[in-house]
Amino acid sequence: MNNFEFKNPTKIIFGKDTIEKLENEIPKNAKVLLLYGGGSIKKNGIYEQVKAALANIELVEFGGIPANPEYAVLTEALEVIKNENITYLLAVGGGSVIDGTKFLSAAALFEGDTPWDILSKNIRTEKGMPFGTVLTLPATGSEMNSGAVITRAETKEKLSMGGPGLFPEFSILDPQVIASIPQRQLANGIADAFTHVLEQYMTYPIGALLQDRFAESILQTLIEIAPKVLKDPTDYKAASNFMWCCTMALNGLIQKGVPTDWAVHAIGHELTALYGIDHARTLAVIIPSHYKFNFETKKQKLAQYGERVWKIKEGSKDEKAYDAIDKTEAFFHKLGIDTKLSDYTDEHKGTAEEIAKRFTTRGWIALGEHKSLSPDKVEKIVKMAY
Ligand code: NZQ
Ligand code: ZN
0 MNNFEFKNPT KIIFGKDTIE KLENEIPKNA KVLLLYGGGS IKKNGIYEQV KAALANIELV
60 EFGGIPANPE YAVLTEALEV IKNENITYLL AVGGGSVIDG TKFLSAAALF EGDTPWDILS
120 KNIRTEKGMP FGTVLTLPAT GSEMNSGAVI TRAETKEKLS MGGPGLFPEF SILDPQVIAS
180 IPQRQLANGI ADAFTHVLEQ YMTYPIGALL QDRFAESILQ TLIEIAPKVL KDPTDYKAAS
240 NFMWCCTMAL NGLIQKGVPT DWAVHAIGHE LTALYGIDHA RTLAVIIPSH YKFNFETKKQ
300 KLAQYGERVW KIKEGSKDEK AYDAIDKTEA FFHKLGIDTK LSDYTDEHKG TAEEIAKRFT
360 TRGWIALGEH KSLSPDKVEK IVKMAY
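All residue numbers for the sequence shown refer to numbering that gives the first Met the number 0, where the first residue is 0 and numbers rise by one.
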């Protein structure tokens, strides 16, 4: 096992009817900017719950943060923060609203020329404006981590940011919010969380027995609850397990002391930036070809995953490893998620070259757990996914 340090300061408030606890978490003298997305919270009752809980707190609102939070929209919110002397941010939404809020938390205290530098120059945020979240969509884990991904439509870019100053102070996780989530987003959430675990697990053995079993247990739980959540999002038992799996998949715990990959996300983000494909679906497109292309370096963990998670008993280690890739792809299909780029766009010709070019320009020349995935290899993987 590798050496590691672990600190996660986010307070989680989990369970039924917990949104009413909001008031206890926000300083009484704060001036709060309530941030939300395209309006789902106004249809499902979450907005009313938040407003009722914050009746005694000074509040300004900013709605309209789109899925794949857009830089141009966020700069409008930044103006509001400055003009209204906001001191505290509250995200009510899924990963997009929470990520957008993290960007604002960083940008509000940023002293450089333009806040875009935070993304383009990869500037870590040591201290941001304090913020909390009310999670409405389990998927990203953003509610308990310090990362964010921001899109800029103008340049078709989607870049990551983060730093120890960007953990939410608290996150409220009421699994009842799942009841109103459309099937497409439920499937996305399951596939995204599943892939987060794979990115931190599907590398090579390093003797981290507990981390392996943490990861496998999250995968097994997601496989078990997926059909239940999709069939009946009001099933509280399934919903609560789904929600906690998504948070645990990316709150930092399972990646401590182990190598991680994250190439699937790096490539996937480009597919969202270029074609607007839902984040989770880009991952399902890349995973099968990424694992086949890197089979030799990943096959030990693939076989272990096949045996322990998919209960594959027949065949040699190599056969089990291959079977595990097929089972993973079949799982995405069962969720209703297509796994080829051509399922999403007819204009995919040249995509692989474009992504390889972008990675080269950015100096991303050594991705993956072995730092050996060069842009020419990325190009081959994307072509395999056409
Ligand atoms: O905008 P509204 O109207 O709220 O509707 C949203 C949105 O259209 C809707 N929704 C959310 N909660 C709902 C609901 N509809 C009905 N009932 C509810 N309770 O769902 C749609 C998608 O929301 P979004 O926040 O975009 O989804 P998700 O949570 O999957 O977030 C995706 C974003 O997170 C980034 C992705 O790249 C993408 O930009 N990621 C962030 C990560 C992180 N910070 O750690 C890691 C991830 O790998 C990912 O990259
Ligand atoms: Zn993801």
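The beta carbon of each residue, even a glycine, is placed where N, CA and C say it ideally should be.
- What you get when you keep residues with a C-beta closer than 7 Å to any heavy atom of the ligand ZN is Thr139, Asp191, Thr194, His195, His264, His278, Ala279 and Leu282.
- For asparagine 240, the shortest separation between its Cβ and any heavy atom of the ligand NZQ does not lie below 7 Å.
- A check of alpha carbon separations from asparagine 67 across Leu89, Leu88 and Thr100 identifies Thr100 as the nearest.
- Using a Cβ distance threshold of 8 Å, proline 226 and glycine 188 do not count as a contacting pair.
- In the structure shown, alanine 355 falls within a helical segment according to DSSP collapsed to helix, strand and coil.
- For histidine 369, the CB contacts under 7 Å within the same chain, skipping 5 residues up- and downstream, are Thr296 in chain order.
- No heavy atom of the ligand NZQ is found nearer than 7 Å to the CB of proline 374.
- Runs of alpha helix (DSSP H) with 4 or more residues, each lying fully within the region 287-315, are found at 294-307, listed in chain order.
- The beta carbon of valine 72 sits closer than 8 Å to those of Gly63, Ile64, Pro65 and Gly99, all from its chain and outside the five residues before and after it, given in chain order.
- Contact fails between the region 303-316 and the region 343-359, because fewer than three Cβ pairs, one in each stretch, are under 8 Å apart.
- Going by C-alpha positions, lysine 30 is about 39 Å away from arginine 361.
- Beyond the five residues adjoining it in sequence on each side, lysine 15 comes within less than 8 Å, by CB distance, of Asp173, Pro174, Gln175 and Tyr235 in the same chain, given in chain order.
- Tryptophan 363 and phenylalanine 193 have their C-alpha atoms spaced approximately 25 Å apart.
- By the Cβ neighbour-count rule, asparagine 55 is exposed, with fewer than 16 other Cβ atoms within 10 Å of its own.
- If you draw a straight line from the Cα of isoleucine 324 to the Cα of asparagine 28, it comes to about 53 Å.
- Our two residues, glycine 111 and tyrosine 35, have alpha carbons roughly 27 Å apart in a direct line.
- Ala279 is the residue among Gln254, Ala279, Val257 and Gly251 whose C-alpha sits nearest the C-alpha of histidine 264.
- When secondary structure is reduced to three states using DSSP, serine 216 falls in the helix class.
- CA-CA distance, aspartate 231 to alanine 178, rounds to 8 Å.
- Beta-bridge analysis with DSSP links phenylalanine 13 to Leu172.
- At a Cβ-Cβ threshold of 8 Å, asparagine 23 and phenylalanine 166 do not count as neighbours.
- CA-CA distance, isoleucine 122 to serine 159, rounds to 10 Å.
- In this structure asparagine 293 is buried. Its beta-carbon is surrounded by 16 or more other beta-carbon atoms within 10 angstroms.
- Beyond the five residues adjoining it in sequence on each side, phenylalanine 109 comes within less than 7 Å, by CB distance, of Ile117 in the same chain, given in chain order.
- From the listed residues Ile222, Ala190 and Ser104, the smallest Cα separation to leucine 89 is found for Ser104.
- Assigned with DSSP and collapsed to three states, tyrosine 235 falls in helix.
- Here DSSP, grouped into helix, strand and coil, assigns leucine 88 to strand.
- Taking non-hydrogen atoms of the ligand NZQ into account, the C-beta of isoleucine 85 is found less than 7 Å away from none of them.
- The continuous stretches of beta strand (DSSP E) do not include serine 371, and DSSP gives it neither H nor E.
- For the pair serine 288 and alanine 384, the CB atoms are nearer than the 8 Å cut-off.
- Under a 10 Å Cβ-count criterion, alanine 237 is classified as buried, with 16 or more other Cβ atoms of the shown protein chains found around its own Cβ.
- Under the three-state reduction of DSSP output, glutamate 4 falls in the coil class, being neither helix nor strand.
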